Amino acid sequence: MDAMPTDGPVAITWAELALASSLLLANGLVSVWLRLGLGRQLLVAGARTVLQLSLLGLVLVHVFESERLWLVLAIGLGMVVLASVEAVRRAGRSYPSVRRDAFLSLLLAAAVSLLFVTGLVLRVEPWWEPRYLIPLLGMVLGNSLTGVSLGLERCLASFEEERDAIELRLAAGAGTWEASRPTAAKALRAGLIPILNAMSVAGMVTIPGMMTGQILGGTEPGLAARYQILVMFLIAGATAAGTTGVVLFAVRARFDDQSRLLR
Amino acid sequence: MRFEATGLSKSLGGRELYRGLEIRLEPGETIAVRGASGAGKSQLLRHLARLDAPQAGQLEESGMLRLDGRDPEGWGARRWRAEVAFVPQRVPRLDGAPADLYAAIAELAVQGERAAGEDPTALVRELGLAAEDWRRAWSDLSGGEAQRALLAVVLARQPRVLLLDEPTAALDPPAARAVEGLLHERTCIWVTHSSAQAERVAGEVLWIGDGRDAD
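So the protein sequences, as listed, match chains A and B.
Anchor point for the first sequence: position 102 equals 101 in numbering that gives the first Met the number 0, and the numbering is continuous, going up by one each time.
Anchor point for the second sequence: position 137 equals 136 in numbering that gives the first Met the number 0, and the numbering is continuous, going up by one each time.
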């Protein structure tokens, strides 16, 4: 048995990936056999994974080599746009300016937390070093978009479900914020539950994806753990900020200038 | 103080509920609002409390509102609703107890320009509730208890005009009499289905819709 090299990952060839795909294929066959109708979806999802990640690998090689600030920023901005579109789609509820509000929330949350980490904690030179910035942005967005979509969904749903209670508080002389504070608090909690859960079981039930990747990639486990802690804090901070932002935007958008709850 | 509402019109989903209504109240006067179910009585109270945002084609409201000669814009939305207080027929699902809602509102009063108002525990007794009902969860109160507890919360803040949506609908006759007694000589716009109650509490009846319903 070969010892695992500590200076780099085991190389994976396309043939080996094809072998790994048999795991997916087996599931597809079970689905056909039991007529679950999932075979096609599995096939499409598998193909998308291959295509999207290979493309990402290709693009990142060029971005890492080019070392151009504008290119890194353009890619980052594009990722935030895609994340906000996906967050609104997952929320399944909307209002006229919801796309803009989700975009601004994610942009602010990701920008502030990332700059803090690359600039002050890791002290990467330059602060926009794509090898750090882009993967971290991807992790931050992937998680905060979940928070934003859950928070948005709960907030807008509660405005419908709890309309009478909110209007009762308004009728008693509450302002829009006092009247919707219990609703906003619930929405915020809903958005933060996934990351809070992930943080409390991290390392006990699951080894987080990034740490797994780093260990497989040959990083010393202690360092991989410290990176994972950093990323958890980064993700939690950005998720909280993004969810708070989108909930505040939604509260503002659902009342008119006479503090009446819109339908 | 004089409450005036003139030229009130409202339509919902393209259906006209009322047009050109007028209400004038001096302090201590009560007007009863009557009409068939679905005629728009509750909608009128929501209109006066300024709770509905107009939506072209869906919900349209017009008319002029005045309290002490000032319109709602002059008072500001929050202050208007504190002075012209809407009490819904059913208490919505609320967290906590009546005391919590009262505390939240009293806190708002401190932030705003208004004083905190009457002692709510005295009101609770006068409405025939037990003192401990004030601290029981809303979800543990019966419909009639919750309705009276909500009335105590609102009255404690001493609004100048009360918009009451069938405030005795869930009550037995003695409890209903207690409510009527407590509201005597306050300024109310009182939705009721009972002609006897209208006669007892109001100097005037405003009908909404075409049909005058029988008791």
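Just so you know, even glycine gets a beta-carbon here, dropped at the ideal spot from N, CA and C.
Since this is a predicted model, take the numbers as computed values, not measurements.
Check your understanding: So what's B:Ala4 in DSSP terms, helix, strand or just coil?
Key -> As a first step, residue 4 of chain B must be located in the second sequence, where it is residue number 5. Strand, per DSSP.
Review point. Can you name, in chain order, every residue of its own chain whose Cβ lies under 6 Å from the Cβ of A:Thr5, other than the five neighbours on each side?
Key: One-based indexing of the first sequence puts residue 5 of chain A at position 6. Annotation note: pLDDT 49 at A:Thr5 (below 50); position unreliable, no value reported.
Review point. When you compare only the Cα positions, how much space is there between A:Ala73 and A:Asp256?
Key: Reading the first sequence from its first residue, position 74 is the one you call residue 73 of chain A. Reading the first sequence from its first residue, position 257 is the one you call residue 256 of chain A. Distance between the alpha carbons of A:Ala73 and A:Asp256: 36 Å.
Exercise for review: Rounded to whole angstroms, what's the CA-CA distance from B:Ala175 to A:Ala189? Just pull it up for me.
Suggested key: As a first step, residue 175 of chain B must be located in the second sequence, where it is residue number 176. As a first step, residue 189 of chain A must be located in the first sequence, where it is residue number 190. When rounded, the distance between both Cα atoms is 42 Å.
**Study point:** Closest residue to A:Arg259 among B:Gln54, B:Ala35, B:Thr186 and B:Gly34 (Cα-Cα distance)
**Key:** Here residue 259 of chain A refers to the residue found at position 260 of the first sequence. The shortest Cα separation from A:Arg259 among B:Gln54, B:Ala35, B:Thr186 and B:Gly34 belongs to B:Gln54.
Practice item. Use the C-beta contact count for B:Val200: other C-beta atoms within 10 angstroms, 16 or more gives buried, fewer gives exposed. Key: On the second sequence, position 201 is the one that residue 200 of chain B refers to. Per the 10 Å Cβ criterion, buried.
Practice item. Just mark B:Leu83 as buried or exposed, buried being the case when its beta carbon has 16 or more other beta carbons within 10 Å. Key: Taking the second sequence and counting its residues from 1, the one referred to as residue 83 of chain B is at position 84. It should be noted that the sequence gives Val, not Leu, for residue 83 of chain B. Per the 10 Å Cβ criterion, buried.
Check your understanding: Should B:Ala55 be flagged as near chain A, meaning a C-beta pair shorter than 8 Å?
Key -> The residue given as residue 55 of chain B occupies position 56 in the second sequence. No, B:Ala55 does not count as interfacial toward chain A.
**Study point:** For A:Leu18, the three-state DSSP class (helix, strand or coil)
**Key:** Taking the first sequence and counting its residues from 1, the one referred to as residue 18 of chain A is at position 19. In the three-state DSSP reduction, A:Leu18 falls in the helix class (H, G or I).
Review point. Taking 8 Å as the CB-CB limit, is A:Ser258 close to chain B?
Key: Translated into the one-based positions of the first sequence, residue 258 of chain A becomes position 259. Interface residue, yes.
Point to revise | Ordered list of beta strand (DSSP E) runs contained in the stretch 113–158 of chain A, each at least 3 residues | key: none
Point to revise | Beta bridge counterpart(s) of B:Ser10 as assigned by DSSP | key: Looking up residue 10 of chain B in the second sequence gives position 11. Under DSSP, B:Ser10 takes part in a beta bridge, and its partners are B:Glu15 and B:Glu59.
Exercise for review: Flag this pair as touching only if the stretch 190–209 of chain B and the stretch 13–33 of chain B have three or more C-beta atom pairs under 8 Å; answer yes or no.
Suggested key: yes
Check your understanding: Going by other Cβ atoms of all chains shown within 10 Å of its Cβ, with 16 needed for buried, is B:Leu47 buried or exposed?
Key -> For the purposes of this step, residue 47 of chain B is identified with residue 48 of the second sequence, where counting begins at 1. Buried: at least 16 other Cβ atoms inside 10 Å.
Practice item. Give the straight-line distance between the Cα atoms of A:Ala239 and B:Phe85, rounded to the nearest whole angstrom. Key: Looking up residue 239 of chain A in the first sequence gives position 240. Looking up residue 85 of chain B in the second sequence gives position 86. Near 36 Å, if we compare the C-alpha coordinates of B:Phe85 and A:Ala239.
Point to revise | Interface flag, A:Ala164 vs chain B, CB-CB below 8 Å | key: Residue 164 of chain A sits at position 165 when you count from the first residue of the first sequence. Judged by the 8 Å Cβ criterion, A:Ala164 is in contact with chain B.
Exercise for review: Express the C-alpha separation of B:Leu50 and B:Arg14 in angstroms, rounding to a whole number.
Suggested key: Indexing the second sequence from 1 puts residue 14 of chain B at position 15. Indexing the second sequence from 1 puts residue 50 of chain B at position 51. Taking the straight line joining both Cα atoms gives about 19 Å.
Practice item. For A:Gly75, I'd like the list of residues in its chain whose CB is within less than 6 Å of its CB, leaving aside the five on either flank, ordered along the chain. Key: Taking the first sequence and counting its residues from 1, the one referred to as residue 75 of chain A is at position 76. The residues are Leu136.
Review point. Can you tell me whether DSSP reads A:Thr182 as helix, strand or coil?
Key: Position 183 of the first sequence, counting from 1, holds the residue named residue 182 of chain A. Correct three-state label for A:Thr182: helix.
Review point. Going straight from the alpha carbon of A:Phe232 to that of A:Ser199, what length do you get?
Key: Working through the first sequence from its first residue, we reach residue 232 of chain A at position 233. Working through the first sequence from its first residue, we reach residue 199 of chain A at position 200. Cα to Cα, A:Phe232 sits roughly 12 Å from A:Ser199.
Check your understanding: Between A:Pro8 and the rest of its own chain, which residues show a CB-CB distance below 7 Å, the 5 nearest in sequence each way excluded?
Key -> Position 9 of the first sequence holds residue 8 of chain A. For A:Pro8, where only same-chain residues beyond five positions count, the Cβ hits under 7 Å are Leu215, Gly216 and Gly217.
Review point. Quick one: is A:Arg39 near chain B, going by C-beta distance under 8 Å?
Key: Your numbering for residue 39 of chain A matches position 40 in the first sequence. Taking Cβ atoms only, chain B never reaches closer than 8 Å to A:Arg39, which makes this a no.
Exercise for review: Starting from B:Asp51, find everything on chain A with Cβ-Cβ shorter than 7 Å and list it in chain order.
Suggested key: The residue labelled residue 51 of chain B in the question sits at position 52 within the second sequence. Correct list: Arg259.
Exercise for review: List the endpoints of the continuous beta strand (DSSP E) containing B:Phe85.
Suggested key: Translated into positions along the second sequence, residue 85 of chain B becomes position 86. For B:Phe85, the enclosing beta strand (DSSP E) stretches over residues Val83 to Val86.
Review point. Near A:Ala271, what residues of its chain come up, given a Cβ to Cβ distance below 6 Å and the 5 sequence neighbours on each side ignored?
Key: Shown here, chain A extends from 0 to 262; a query on residue 271 of chain A therefore has no answer.
**Study point:** Cβ-based neighbour list, B:Pro87, same chain, cut-off 7 Å, excluding 5 preceding and 5 following
**Key:** One-based indexing of the second sequence puts residue 87 of chain B at position 88. These residues qualify, in order along the chain: Asp164.
Check your understanding: Hey, would you say A:Pro220 sits closer than 8 Å to B:Asp94, going by beta carbons?
Key -> Residue numbering aside, residue 220 of chain A sits at position 221 when the first sequence is read from its first letter. Residue numbering aside, residue 94 of chain B sits at position 95 when the second sequence is read from its first letter. Taking 8 Å as the Cβ cut-off, A:Pro220 and B:Asp94 do not qualify as a contacting pair.
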